[in-house]
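Novice: My structure is below; once you've seen it, I'll send some questions.
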């Protein structure tokens, strides 16, 4: 089992978080590794703090710039070795005992994916009302767009079978705000239908939470935009299907090919032409309007 922890500006807390998760997993019969990915090593001392833990089962990676939580998880998945790969948000909002709950649910249901859910009847959640309302609205938004019947797609605790990631990872675009829904929607569309939820315990810590930044006006609109972009790639472009010539660029620092979201065929040329035309018309309109 691999547990991935995306780390963003957590120099004051990350050592304690890693030790807590390590001690919980050590008390179980599971063979495990913990993979911490520092999303922006130049931003603070999180990387050095995490690396100071000298435990063979804790592996720390990082890269200089901030790409977002989804990319950190995607990067960690590439470095993982487990048959089951899970991730949990850093920040201490989510009780890491939930990792064990996900693994047990995966065995019970013979699942492809298990999703920690705030809406599960057994969950213990201390969250502001606005956050609960957004989760409820987004649940219906996702169900209408993608046909996913799980009640919560955005809680930062999930587990995937290795076979799911082997099929899905190289197809993902991984935008900053919609990684969770992209991997779920693509897996579902490619035939991995055994997706279930499990209870979680959450106590939102506003001082350390990794999700607060989402709940700004700009953050919410970007979240919705990126979600619609996943739907567009999935249903209009058929971007995620096998055989598609997806355009990827090689990042030397990360040693990874990163999908751009473009496809190398005539349809992409038409899309690019339309986008360029819209940009030019908009620029001309503004020029005329401003005299």
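Numbering (the numbering used here), first residue to last: 769 to 1059. For every residue, glycine included, the Cβ atom is placed at its ideal position computed from N, Cα and C.
Less than 8 Å between the CB atoms is what I'm expecting for residue 952 and residue 970, so what's the real figure, rounded?
Specialist: For this step, residue 952 is matched to residue 184 along the chain shown. For this step, residue 970 is matched to residue 202 along the chain shown. At roughly 19 Å, the Cβ-Cβ gap does not stay under 8 Å, so residue 952 and residue 970 are not in contact.
Novice: With DSSP run on the structure shown, which of helix, strand or coil describes residue 889?
Specialist: To locate residue 889, count along the chain shown from 1; it is residue 121. In the structure shown, residue 889 sits in coil (DSSP, three-state: anything other than H, G, I, E or B).
Novice: Within the same chain, show all residues whose beta-carbon is closer than 6 Å to that of residue 941, passing over the 5 residues directly before and after it, in chain order.
Specialist: Locating residue 941 in the chain shown gives position 173, counting from the first residue. Only 1027, 1029 meet the Cβ criterion.
Novice: Pick helix, strand or coil for residue 839, following the three-state DSSP scheme.
Specialist: Reading the chain shown from its first residue, position 71 is the one you call residue 839. Helix.
Novice: Would the beta-carbon of residue 1030 be found less than 7 Å away from any heavy atom of the ligand FMN?
Specialist: The ligand FMN is not part of the structure shown, which contains no ligands of any sort.
Novice: Which value, in whole angstroms, describes the spacing of the CA atoms of residue 843 and residue 950?
Specialist: The residue labelled residue 843 in the question sits at position 75 within the chain shown. The residue labelled residue 950 in the question sits at position 182 within the chain shown. Between residue 843 and residue 950, the C-alpha separation is close to 15 Å.
Novice: Since residue 802 contacts residue 790 with CB under 8 Å, what's their CB separation in whole angstroms?
Specialist: For the purposes of this step, residue 802 is taken as residue 34 along the chain shown, with counting starting at 1. For the purposes of this step, residue 790 is taken as residue 22 along the chain shown, with counting starting at 1. Confirmed, Cβ separation roughly 6 Å.
Novice: According to DSSP, what are the bridge partners of residue 967?
Specialist: Counting from 1 along the chain shown, the entry for residue 967 is found at position 199. Paired residue(s): 885.
Novice: Which same chain residues end up closer than 7 Å to residue 933 when comparing Cβ atoms and leaving out the 5 residues on each side of it in sequence?
Specialist: The residue you call residue 933 lines up with position 165 of the chain shown. These residues qualify, in order along the chain: 845, 853.
Novice: Taking just the CA atoms, how far does residue 823 sit from residue 869?
Specialist: Position 101 of the chain shown, counting from 1, holds the residue named residue 869. Position 55 of the chain shown, counting from 1, holds the residue named residue 823. Approximately 24 Å between the Cα atoms of the pair.
Novice: In angstroms with no decimal places, state the Cα-to-Cα distance between residue 1019 and residue 836.
Specialist: As a first step, residue 1019 must be located in the chain shown, where it is residue number 251. As a first step, residue 836 must be located in the chain shown, where it is residue number 68. The alpha-carbon atoms of residue 1019 and residue 836 are separated by roughly 16 Å.
Novice: In the stretch 818-862, which residue ranges form an unbroken beta strand (DSSP E) of at least 3 residues, counting only runs that do not cross its ends?
Specialist: DSSP runs (the beta strand (DSSP E)) wholly in the stretch 818-862: 826-831, 852-856.
Novice: Could you tell me the distance, in whole angstroms, from the CA atom of residue 780 to the CA atom of residue 808?
Specialist: As a working note, residue 780 is residue 12 in the chain shown. As a working note, residue 808 is residue 40 in the chain shown. Roughly 15 Å separates the two Cα atoms.
Novice: At what residue ranges does the stretch 986-1032 contain a whole run of the beta strand (DSSP E), taking only runs of 3 or more?
Specialist: DSSP runs (the beta strand (DSSP E)) wholly in the stretch 986-1032: 1014-1019, 1024-1031.
Novice: Would a C-beta distance cut-off of 8 Å place residue 858 and residue 782 closer than the cut-off?
Specialist: The count along the chain shown starts at 1 and reaches residue 858 at position 90. The count along the chain shown starts at 1 and reaches residue 782 at position 14. Closer than 8 Å, so yes.
Novice: Can you list, in chain order, the residues of its chain with a C-beta nearer than 8 Å to that of residue 918? Leave out the 5 residues immediately preceding and following it.
Specialist: For this step, residue 918 is matched to residue 150 along the chain shown. Taken in chain order, the residues that qualify are 883, 885, 952, 963, 964, 965.
Novice: Considering only their Cβ atoms, is the gap separating residue 989 from residue 914 smaller than 8 Å?
Specialist: Numbered from 1 along the chain shown, position 146 holds the residue referred to as residue 914. Numbered from 1 along the chain shown, position 221 holds the residue referred to as residue 989. Going by C-beta atoms, residue 914 is not nearer than 8 Å to residue 989.
Novice: Suppose you measure from the CA of residue 927 to the CA of residue 851; what does that come to, to the nearest Å?
Specialist: Sequence index remark: in the chain shown, residue 927 carries index 159 (1-based). Sequence index remark: in the chain shown, residue 851 carries index 83 (1-based). So the two alpha carbons sit approximately 10 Å from each other.
Novice: Determine the burial state of residue 1001: buried for a count of at least 16 other Cβ atoms within 10 Å of its Cβ, exposed for fewer.
Specialist: By one-based count along the chain shown, residue 1001 stands at place 233. Label assigned to residue 1001: buried.
Novice: So if DSSP puts residue 925 in a beta bridge, which residue, or which two residues, is it bridged to?
Specialist: Looking up residue 925 in the chain shown gives position 157. Answer is 856.
Novice: Three-state secondary structure (DSSP) at residue 903?
Specialist: In the chain shown, the residue the question calls residue 903 occupies position 135. Three-state DSSP puts residue 903 in a helix.
Novice: For residue 812, which residues from the same chain have a beta carbon less than 6 Å from its beta carbon, with the 5 sequence-adjacent residues on both sides left out?
Specialist: Indexing the chain shown from 1 puts residue 812 at position 44. Around residue 812: 777, 779.
Novice: Take residue 996 as the anchor and find which of 775, 874, 910 has the nearest alpha-carbon.
Specialist: For this step, residue 996 is matched to residue 228 along the chain shown. Minimum Cα distance to residue 996 is reached at 910.
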